[in-house]
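Colleague: Protein chains in written order, with this note's numbering: chain R, 7 to 262; chain S, 7 to 262; chain F, 7 to 262; chain P, 7 to 262. Even glycine gets a Cβ: it sits at the ideal position worked out from N, Cα and C. Dropping the structure in here first, questions after.
Protein chains: 4
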Amino acid sequence: MNDPLKIAGKSFQSRLFLGSAGYPNQQVFLDSLAASGSEILTVSVRRADLTGYGEGLLDLVAGKVWLLPNTAGCSTVKDAVLTAQLAREAMDTNWIKLELIGDRETLYPDVEQLLRAADELVREGFVVLPYCTDDPIICRRLADVGCAAVMPLGAPIGTGLGILNHYNIETICRNSTIPVVLDAGIGTASDAALAMELGCDAVLLNTAVSKSNDPVMMAAAMRAGVEGGRMARLAGRIPKRLRAEASSPELGLIGT
Amino acid sequence: MNDPLKIAGKSFQSRLFLGSAGYPNQQVFLDSLAASGSEILTVSVRRADLTGYGEGLLDLVAGKVWLLPNTAGCSTVKDAVLTAQLAREAMDTNWIKLELIGDRETLYPDVEQLLRAADELVREGFVVLPYCTDDPIICRRLADVGCAAVMPLGAPIGTGLGILNHYNIETICRNSTIPVVLDAGIGTASDAALAMELGCDAVLLNTAVSKSNDPVMMAAAMRAGVEGGRMARLAGRIPKRLRAEASSPELGLIGT
Amino acid sequence: MNDPLKIAGKSFQSRLFLGSAGYPNQQVFLDSLAASGSEILTVSVRRADLTGYGEGLLDLVAGKVWLLPNTAGCSTVKDAVLTAQLAREAMDTNWIKLELIGDRETLYPDVEQLLRAADELVREGFVVLPYCTDDPIICRRLADVGCAAVMPLGAPIGTGLGILNHYNIETICRNSTIPVVLDAGIGTASDAALAMELGCDAVLLNTAVSKSNDPVMMAAAMRAGVEGGRMARLAGRIPKRLRAEASSPELGLIGT
Amino acid sequence: MNDPLKIAGKSFQSRLFLGSAGYPNQQVFLDSLAASGSEILTVSVRRADLTGYGEGLLDLVAGKVWLLPNTAGCSTVKDAVLTAQLAREAMDTNWIKLELIGDRETLYPDVEQLLRAADELVREGFVVLPYCTDDPIICRRLADVGCAAVMPLGAPIGTGLGILNHYNIETICRNSTIPVVLDAGIGTASDAALAMELGCDAVLLNTAVSKSNDPVMMAAAMRAGVEGGRMARLAGRIPKRLRAEASSPELGLIGT
Numbered sequence: 007m008n009d010p011l012k013i014a015g016k017s018f019q020s021r022l023f024l025g026s027a028g029y030p031n032q033q034v035f036l037d038s039l040a041a042s043g044s045e046i047l048t049v050s051v052r053r054a055d056l057t058g059y060g061e062g063l064l065d066l067v068a069g070k071v072w073l074l075p076n077t078a079g080c081s082t083v084k085d086a087v088l089t090a091q092l093a094r095e096a097m098d099t100n101w102i103k104l105e106l107i108g109d110r111e112t113l114y115p116d117v118e119q120l121l122r123a124a125d126e127l128v129r130e131g132f133v134v135l136p137y138c139t140d141d142p143i144i145c146r147r148l149a150d151v152g153c154a155a156v157m158p159l160g161a162p163i164g165t166g167l168g169i170l171n172h173y174n175i176e177t178i179c180r181n182s183t184i185p186v187v188l189d190a191g192i193g194t195a196s197d198a199a200l201a202m203e204l205g206c207d208a209v210l211l212n213t214a215v216s217k218s219n220d221p222v223m224m225a226a227a228m229r230a231g232v233e234g235g236r237m238a239r240l241a242g243r244i245p246k247r248l249r250a251e252a253s254s255p256e257l258g259l260i261g262t
Numbered sequence: 007m008n009d010p011l012k013i014a015g016k017s018f019q020s021r022l023f024l025g026s027a028g029y030p031n032q033q034v035f036l037d038s039l040a041a042s043g044s045e046i047l048t049v050s051v052r053r054a055d056l057t058g059y060g061e062g063l064l065d066l067v068a069g070k071v072w073l074l075p076n077t078a079g080c081s082t083v084k085d086a087v088l089t090a091q092l093a094r095e096a097m098d099t100n101w102i103k104l105e106l107i108g109d110r111e112t113l114y115p116d117v118e119q120l121l122r123a124a125d126e127l128v129r130e131g132f133v134v135l136p137y138c139t140d141d142p143i144i145c146r147r148l149a150d151v152g153c154a155a156v157m158p159l160g161a162p163i164g165t166g167l168g169i170l171n172h173y174n175i176e177t178i179c180r181n182s183t184i185p186v187v188l189d190a191g192i193g194t195a196s197d198a199a200l201a202m203e204l205g206c207d208a209v210l211l212n213t214a215v216s217k218s219n220d221p222v223m224m225a226a227a228m229r230a231g232v233e234g235g236r237m238a239r240l241a242g243r244i245p246k247r248l249r250a251e252a253s254s255p256e257l258g259l260i261g262t
Numbered sequence: 007m008n009d010p011l012k013i014a015g016k017s018f019q020s021r022l023f024l025g026s027a028g029y030p031n032q033q034v035f036l037d038s039l040a041a042s043g044s045e046i047l048t049v050s051v052r053r054a055d056l057t058g059y060g061e062g063l064l065d066l067v068a069g070k071v072w073l074l075p076n077t078a079g080c081s082t083v084k085d086a087v088l089t090a091q092l093a094r095e096a097m098d099t100n101w102i103k104l105e106l107i108g109d110r111e112t113l114y115p116d117v118e119q120l121l122r123a124a125d126e127l128v129r130e131g132f133v134v135l136p137y138c139t140d141d142p143i144i145c146r147r148l149a150d151v152g153c154a155a156v157m158p159l160g161a162p163i164g165t166g167l168g169i170l171n172h173y174n175i176e177t178i179c180r181n182s183t184i185p186v187v188l189d190a191g192i193g194t195a196s197d198a199a200l201a202m203e204l205g206c207d208a209v210l211l212n213t214a215v216s217k218s219n220d221p222v223m224m225a226a227a228m229r230a231g232v233e234g235g236r237m238a239r240l241a242g243r244i245p246k247r248l249r250a251e252a253s254s255p256e257l258g259l260i261g262t
Numbered sequence: 007m008n009d010p011l012k013i014a015g016k017s018f019q020s021r022l023f024l025g026s027a028g029y030p031n032q033q034v035f036l037d038s039l040a041a042s043g044s045e046i047l048t049v050s051v052r053r054a055d056l057t058g059y060g061e062g063l064l065d066l067v068a069g070k071v072w073l074l075p076n077t078a079g080c081s082t083v084k085d086a087v088l089t090a091q092l093a094r095e096a097m098d099t100n101w102i103k104l105e106l107i108g109d110r111e112t113l114y115p116d117v118e119q120l121l122r123a124a125d126e127l128v129r130e131g132f133v134v135l136p137y138c139t140d141d142p143i144i145c146r147r148l149a150d151v152g153c154a155a156v157m158p159l160g161a162p163i164g165t166g167l168g169i170l171n172h173y174n175i176e177t178i179c180r181n182s183t184i185p186v187v188l189d190a191g192i193g194t195a196s197d198a199a200l201a202m203e204l205g206c207d208a209v210l211l212n213t214a215v216s217k218s219n220d221p222v223m224m225a226a227a228m229r230a231g232v233e234g235g236r237m238a239r240l241a242g243r244i245p246k247r248l249r250a251e252a253s254s255p256e257l258g259l260i261g262t
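The structure is reproduced here in structure tokens:
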């Protein structure tokens, strides 16, 4: 099946974005990445340069995946823009996953500042993929200012609660003029499949893989979930019915 | 990954059972079967012999899949037992998917009669896989009388409502001494994945594939869903948390 | 509003049944009973006679409520029938809430034995209200053998998980020829309201009141929940819509 | 129980706000208002003056309820502010329910403009109650600019879908420094009860009453739902448990 994901003119065969944080060790990370089939890897600007799985992380994955630096941990427009600029220089990419956190408890996006930062970064030539709430109006506004995709949350980061509000995600997907990437909240393969069935173009996850008991196997599970959900979406599921309907014909029953 | 499903001493690589009813035509059915990767095919005794995709159906799939005749449409112990005996002769198998329907509106199993029919068929040497409610006590009793697997429903046949009662399915899986095959209710790939994540050993479905807009693609979607759900189960998902937790470390934040 | 609940020819103004077990002390129990407005009180045969809030419990509530002895803890037809007979003598009533438990872990009903015990007790002249699963076929069979009401569970006893399977409860209520009393699983007032909205004729609960932080207030909350749910059912709720619809007319908007 | 709702220094005994639009006729509206026990009535500025149940609506309810004009239908800061100013003059109140709609399909709030309008109106001396999304960060920001309460939505206006995202509403309630009034989405009494159980201080609804088959009875149902949910919240519900727990003691069982 040829069904590429297109963002900002670039095509990807995989619809699963993987985060690079929190794996038990570098080898497990690399094996998980391979098992996931991901072509887009999000990396924290800070970690990429300073800490993590060693200075060589970027070298190890270079050429294999598309790097998507993020502004994780930023809580002001100024910091987010600075971090994006730093990423552009350090990692030689104008793509940025824009995170602008409203508080430390929920790690929810601050959508007001997010819009301002997105607007500024687009003007500076960035390809901006903002992490946002599941608010259809905000998603439309982010498209209006020129973002390349929107990344609404399913549930708070790291909770594994899945998609709390199916209705909003479905509404966003139905109306969006740019790709929708479900970001945050995914806990298991059925969550990833559901995201795709609701109409998302891709799924981003990190903790659900890196903190599972077996990250490599969970990465493969997520890959299957995303692919299964995508195919189910394209195949067109049966409608939900309130009454039972026999799959087997009733003719020729013994006893009738 | 070597992770066979074992029922009555027989091993299967696929954990997806497919039903044979209701496809647009024979070729779509055969292509869907191939795409699903299923090794177990349920067939109505009546249809196999009398109607359906032509007399040659059994010949076409012979040797490729394990046939599991069902007693679809039976509503008395006597009819179900007779149908099972007929299937044994006609299809040369002592396996039977035992369906004993309580009413035509819900197509819910009549568990009281089901237990009696299961008991009788086991005594006659059948390998019995009963379609039953999601009642943990009934599932245990069916194991006690010697069934080879239990097949609790997720939702009424043909509704596509998914798994209505996660709690019961999880309880059944935790306690069962025999394989649990989720039967009925599956509408899309995420439902199939969820069944496996709750602990089911396999999933049976029919309408969700045969009546989707694109049965062949949906068969592939279901295969991915089942495989993804199984891997996620084995990998050990992250616990659900009520509070957010950053995946990226907080150290080295710009602005801190 | 005159909207009596009728069971076996007897009318009740309240649609909330209360259990008598597990209150902090006798006064809290009596105050909770008063706050609940309940007219039907379930009591364990053993406790009523032997232990509990003192020998005087039955005297204290005599004439104020209708006593409904239960066979809690019984796991065989014989024990349940014996317990019912004992209750009839000791408490001078032919009403019995029939509990026949399938295992100690889930406390789920053993519906096969339940049907046999119900049949026997009806023949002996009892007014039988069986605690059963949310299986529509079993509920119909219990009506067929002459039960005065059915009492399907919302969730396992004492869990407070609410109503796990809305679909089944709604199906049971739509088809039942006898009153449906939701029994077990209720955790809070909205659960009780929901039960009534799904079509139940009454709700039975115990732990949700007796083990709450403030049983008397929770009893009042449950009363309001049941009454609110019942009125909402009778009033006929608005249909669920997938798209928003303004409550205020659009004419005369400033700016248009 | 003395448990007043306090907003901007004013106390109310009822925690149910009622909207005034869409009733079959004026008498049904007045009877519904009485049955609801509401002390706060929202009215569209346009309707109050120009159309609706006759010029006398405001006279009829004058002195009986606290009027809360709304800016329904406004989609720009300018229009919303103008409408609020008009309401202040026409209805002699500085309270305003601030609605600033992002699009006509979802009627979702435009939170970015909402913040600006709220800030401006607070500075002009208004008591501002904004209709907002269920975004905890936006709710906190609205409190920061001086709003008197926040009114997050449960689901889109008029859908009757209930509370789509329990998690967010609970998070907002846990953290809010000002009263939280659940606004929009309520379809039936159990929804209203649930809102209160999640921690809301009050509930606003309109369509669920005015468009039900029997608005007066539904108004009474909603009153009971809100009161039941509030009491349940205060009483402290039992925790949800995954395993059953007998309410009746096991000692003295017949057969043991």
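Between I244 (chain P) and chain F, is the shortest Cβ-Cβ distance under 8 Å, so that the two count as touching?
Modeller: True, the Cβ-Cβ gap to chain F drops below 8 Å.
Colleague: Using a Cβ-Cβ distance cut-off of 8 Å, determine whether N212 (chain P) contacts chain F.
Modeller: Output row for N212 (chain P): interface = yes.
Colleague: From which residue to which residue does the beta strand (DSSP E) around I143 (chain R) run?
Modeller: No beta strand (DSSP E) holds I143 (chain R); the alpha helix (DSSP H) holding it covers P142 to D150.
Colleague: So who's on the other strand from N76 (chain S), going by DSSP bridges?
Modeller: Answer is S:S50 and S:K103.
Colleague: Whole angstroms is fine: what's the gap from I175 (chain F)'s alpha carbon to I144 (chain F)'s?
Modeller: Rounded to whole angstroms, I175 (chain F) to I144 (chain F) spans 12 Å at the Cα level.
Colleague: Taking A121 (chain P) as the reference, which of P:G62, P:I107, P:Q33 and P:R147 has the closest Cα?
Modeller: Here residue 121 (chain P) turns out to be Leu, not Ala, going by the sequence shown. Among P:G62, P:I107, P:Q33 and P:R147, the Cα nearest to that of L121 (chain P) belongs to P:R147.
Colleague: Going along chain S, which residues have a C-beta under 8 Å from A161 (chain F)?
Modeller: Near A161 (chain F) (Cβ distances below 8 Å), the residues of chain S are Y173.
Colleague: Rounded C-beta distance between G242 (chain R) and S196 (chain R)? I'm assuming under 8 Å.
Modeller: In fact, because the Cβ distance is near 19 Å, the residues do not count as touching under 8 Å.
Colleague: Note down, in chain order, each residue of its chain lying with its Cβ closer than 6 Å to the Cβ of A199 (chain P), except the 5 sequence neighbours on either side.
Modeller: Closer than 6 Å at the Cβ level, and outside the excluded window around A199 (chain P), lie G231, G234 and G235.
Colleague: Going by Cα to Cα distance, which pick from P:S253, P:P221, P:A225 and P:R239 is closest to N31 (chain P)?
Modeller: Of the listed residues, the one whose Cα sits closest to N31 (chain P) is P:P221.
Colleague: Short of 9 Å Cβ to Cβ, which residues in the region 115-128 of chain P face chain R?
Modeller: So the close ones are P115, D116, V117, E118 and L121.
Colleague: Using DSSP with H/G/I as helix, E/B as strand and the rest coil, what is P221 (chain S)?
Modeller: In the structure shown, P221 (chain S) sits in a helix (DSSP, three-state: H, G or I).
Colleague: Out of P:S216, P:R249, P:W101 and P:L64, point me to the one whose CA is closest to A190 (chain F)'s CA.
Modeller: That would be P:R249, whose Cα lies nearest to the Cα of A190 (chain F).
Colleague: May I ask you to verify whether the region 116-131 of chain R touches the region 177-191 of chain R, counting CB pairs closer than 8 Å and requiring at least 3?
Modeller: No: the two stretches stay apart, fewer than three of their Cβ pairs being nearer than 8 Å.
Colleague: Let me check one thing: in DSSP terms, what residues is F18 (chain P) bridge-paired to?
Modeller: Answer is P:L11, bridged to F18 (chain P).
Colleague: Check this for me: beta carbons of S253 (chain F) and G25 (chain P), under 8 Å apart or not?
Modeller: The answer is yes: Cβ separation under 8 Å.
Colleague: S17 (chain F): buried (16+ other C-beta within 10 angstroms of its C-beta) or exposed?
Modeller: Looking at its Cβ environment, which holds fewer than 16 other Cβ atoms inside 10 Å, S17 (chain F) is exposed.
Colleague: Count the other C-beta atoms from every protein chain shown that fall within 10 angstroms of the C-beta of T183 (chain F), then say buried if there are 16 or more, exposed otherwise.
Modeller: It is exposed - the Cβ of T183 (chain F) has fewer than 16 other Cβ atoms within 10 Å.
Colleague: Which residues share a DSSP beta bridge with G25 (chain R)?
Modeller: Per DSSP, R:T48.
Colleague: If you draw a straight line from the C-alpha of I260 (chain S) to the C-alpha of A86 (chain R), how long is it?
Modeller: Summary for I260 (chain S): the model assigns pLDDT 46, below 50, so the residue's position carries little reliability, and this model does not support an answer.
Colleague: Is the Cβ-Cβ distance between A14 (chain S) and V133 (chain S) less than 8 Å?
Modeller: It is a contact, given that the beta carbons lie within the stated cut-off.
Colleague: Among P:G28, P:L22, P:G62 and P:V34, which one has its Cα closest to the Cα of L47 (chain P)?
Modeller: When each option's Cα is compared against that of L47 (chain P), the closest is P:L22.
Colleague: Do you know how far the Cα of P115 (chain P) is from the Cα of A41 (chain P)?
Modeller: Roughly 30 Å separates the two Cα atoms.
Colleague: Give the C-beta separation of Y137 (chain F) and K103 (chain F) to the nearest angstrom, bearing in mind that I take them to be a contact with Cβ-Cβ under 8 Å.
Modeller: The pair is a contact, with the Cβ atoms about 6 Å apart (cut-off 8 Å).
Colleague: Suppose only complete runs of 3+ residues qualify. What are the beta strand (DSSP E) ranges in the region 189-258 of chain S, listed by chain order?
Modeller: Counting whole runs of 3 or more residues, the region 189-258 of chain S contains the beta strand (DSSP E) stretches 208-211.
Colleague: Are the beta-carbon atoms belonging to G164 (chain F) and R247 (chain P) less than 8 Å from one another?
Modeller: Yes, the pair counts as a contact, with Cβ atoms nearer than the cut-off.
Colleague: Provide the residue span of the alpha helix (DSSP H) that contains C179 (chain F), from first to last.
Modeller: From DSSP, the alpha helix (DSSP H) with C179 (chain F) extends over H172 to N181.
Colleague: In chain P, what lies closer than 8 Å to D150 (chain R) by C-beta?
Modeller: By Cβ distance, chain P contributes nothing, its closest Cβ being about 11 Å from D150 (chain R), past 8 Å.
Colleague: Could you check which residue in S:V186, S:D109, S:G166 and S:C153 has the C-alpha nearest to that of D140 (chain S)?
Modeller: D140 (chain S) has its Cα closest to that of S:V186, out of S:V186, S:D109, S:G166 and S:C153.
Colleague: Quick one, are the C-beta atoms of E203 (chain P) and T194 (chain F) less than 8 Å apart?
Modeller: A contact, by the Cβ cut-off of 8 Å.
Colleague: List the residues of chain P whose Cβ lies closer than 9 Å to the Cβ of A199 (chain F), in chain order.
Modeller: Neighbours of A199 (chain F) on chain P, chain order: T194, A195, S196, D197, A198, A199, L200, A227, A230, G231, G234 and G235.
Colleague: V134 (chain P) lies in the alpha helix (DSSP H); which residues open and close that run?
Modeller: Segment V133 to C138 is the beta strand (DSSP E) holding V134 (chain P); no alpha helix (DSSP H) there.
Colleague: Quick one, which of F:L66, F:T99, F:G62 and F:G28 has its alpha-carbon nearest P75 (chain F)'s?
Modeller: Answer by Cα proximity: F:T99.
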